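J.: Its first residue numbered 208, the sequence shown is counted upward by one per residue in our numbering.
Note that the Cβ used here is the ideal one computed from N, Cα and C, for glycine as well.
These numbers were taken from a predicted model, which means no experiment stands behind them.
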Amino acid sequence: MPKEGLRIDILGTSFTIRADEDPLYLNALLSKFQTVVDSVQRNTGLTDPLKSAIVAGIMLCDELEKQQRKMNSTSLQGKQESKEVEQLLLDLITRIDSSLQQKHEQ
């Protein structure tokens, strides 16, 4: 995919970046960042662009970290459930083998 240009006009600065991503995706990212920056400024009263950008970046990192922890927790829970299912199946196989062996000996 050819590099697409994305015009960024935020926090009093403007520039263009190029990326190998879908322009709709890039615009969605920019829109999300703008929403977070607006929220930071509205909720904290910050007007300094650099401080607003830093706090917005921290908030987005926090959101990402929480999602990763949630996914890891779900993954660990799934692994534990898999081990339990595996043990149940092994127990069932052992019981079936034992039962078949008893019938074969009769």
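Buried or exposed for Val244, please, with buried defined as at least 16 other CB atoms from any protein chain shown within 10 angstroms of its CB.
T.: The residue is buried, with at least 16 neighbouring Cβ atoms inside 10 Å.
J.: With C-beta atoms as the reference, is Leu213 less than 9 Å away from Thr223?
T.: In contact: Leu213 and Thr223 (Cβ atoms closer than 9 Å).
J.: Which term fits Ala235, buried or exposed, when burial requires 16 or more other beta carbons within 10 angstroms of its beta carbon?
T.: Classification for Ala235: exposed.
J.: The alpha helix (DSSP H) that contains Gln251, what's its start and end?
T.: A quick correction: the sequence has Thr, not Gln, at residue 251. Residues 230–251.
J.: Taking C-beta to C-beta, are Leu218 and Lys239 nearer than 9 Å?
T.: No, Cβ-Cβ distance for Leu218 and Lys239 is not below 9 Å.
J.: Determine which residues share a DSSP beta bridge with Leu213 and list them.
T.: Its beta-bridge partners are Ile224.
J.: Report the rounded CA-to-CA distance for Ile300 versus Asn279, giving the unit in angstroms.
T.: Roughly 31 Å between the two C-alpha positions.
J.: I believe Gly259 touches Gln248 by the beta-carbon criterion, under 8 Å. Please report the beta-carbon distance rounded to the nearest angstrom.
T.: Reading off the sequence, residue 259 comes out as Ser, not Gly. About 5 Å; that satisfies the 8 Å criterion.
J.: Just how far apart, CA to CA, sit Arg276 and Gln284?
T.: Cα to Cα, Arg276 sits roughly 12 Å from Gln284.
J.: Between the C-alpha atoms of Leu296 and Leu271, what's the straight-line distance to the nearest angstrom?
T.: Whole-angstrom Cα-Cα distance: 37 Å.
J.: Do Ile215 and Leu231 have their CB atoms nearer than 9 Å?
T.: Result no, Cβ atoms of Ile215 and Leu231 do not sit closer than 9 Å.
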